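Structure first, then comments.
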Amino acid sequence: MRAARRSSAVRRAVTGLVTAALLAASAASGHAASFLEKNFWLSGPNWDGVVPACDTPGAISLIQSRFATTEGRFWNSALTLGEFDRIHQVAFRPWGEEYQPRRYCSARVLVSDGRRRTIYYSIIEDGGFIGASWGVEWCVVGLDRGWGYPPRCTAALP
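Each residue of the sequence shown is one higher than the last, beginning at 1020 in our numbering.
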């Protein structure tokens, strides 16, 4: 019984010492960044601001292709997107120069069910596969089945 008490007291003492050491280490002042940290490792984002226009055929075809894939694979639906019209830019870099450049767009799209719906989409610099090129995100009003941009796709806008 005496050995158990001694063991418990030793554990508490060690825990207290470790805690005190961690507090002392965290209270110490930080050191200045090294040459590599200042000039190589912490270079920060270097945005060019080169984002395709809203009516770029490559962006529209990418949205059409990925929409059809998503509908077929996850929702067991044969819906596809057809003709885009009334395409216009909603905003470009709405939060300033230091944020990742995005072009926000709005359009009407003919869905294969015969209805015209509003679509909101953004084209994002370095938003493609591993940041190698631009990417897109979109939401078709009335077809946001996963509720990624509720309500009525307004979360897809800036």
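Note that the Cβ used here is the ideal one computed from N, Cα and C, for glycine as well. Since we're looking at a predicted model, the values are computed, not measured.
Residue i burial status per 10 Å Cβ neighbour count (16 or more: buried)
{"i": "residue 1142", "result": "buried"}
{"i": "residue 1100", "result": "buried"}
{"i": "residue 1093", "result": "exposed"}
{"i": "residue 1036", "result": "exposed"}
{"i": "residue 1120", "result": "buried"}
{"i": "residue 1149", "result": "exposed"}
{"i": "residue 1116", "result": "exposed"}
{"i": "residue 1174", "result": "exposed"}
{"i": "residue 1114", "result": "exposed"}
Member of the options whose CA lies at the smallest distance from the CA of residue i
{"i": "residue 1106", "options": "1067, 1076 and 1087", "result": "1076"}
{"i": "residue 1147", "options": "1082, 1111, 1102 and 1032", "result": "1082"}
{"i": "residue 1178", "options": "1170, 1159, 1171 and 1172", "result": "Only positions 1020 to 1177 of the chain appear in this structure, which leaves residue 1178 out of reach."}
{"i": "residue 1118", "options": "1037, 1034, 1031 and 1068", "result": "1068"}
{"i": "residue 1182", "options": "1122, 1109 and 1138", "result": "Coverage of the chain is limited to positions 1020 through 1177, which leaves residue 1182 absent and any answer about it impossible."}
{"i": "residue 1134", "options": "1165, 1102, 1155 and 1153", "result": "1102"}
{"i": "residue 1112", "options": "1032, 1086, 1097 and 1070", "result": "1070"}
{"i": "residue 1131", "options": "1153, 1156 and 1097", "result": "1097"}
{"i": "residue 1153", "options": "1122, 1084, 1031 and 1032", "result": "1122"}
Beta-ladder partner(s) of residue i, from DSSP
{"i": "residue 1127", "result": "1104 and 1137"}
{"i": "residue 1110", "result": "1123"}
{"i": "residue 1155", "result": "1142"}
Cutoff 8 angstroms; reference residue i; Cβ partners in own chain excluding five residues on either side
{"i": "residue 1169", "result": "1163"}
{"i": "residue 1124", "result": "1073, 1106, 1107, 1108, 1109, 1139, 1140, 1141 and 1142"}
{"i": "residue 1144", "result": "1066, 1067, 1068, 1069, 1070, 1119, 1120, 1121 and 1153"}
{"i": "residue 1126", "result": "1073, 1103, 1104, 1105, 1106, 1107, 1137, 1138 and 1140"}
Neighbourhood of residue i by C-beta distance below 7 angstroms, restricted to the same chain and skipping five residues each side
{"i": "residue 1079", "result": "1103"}
{"i": "residue 1129", "result": "1101, 1102 and 1135"}
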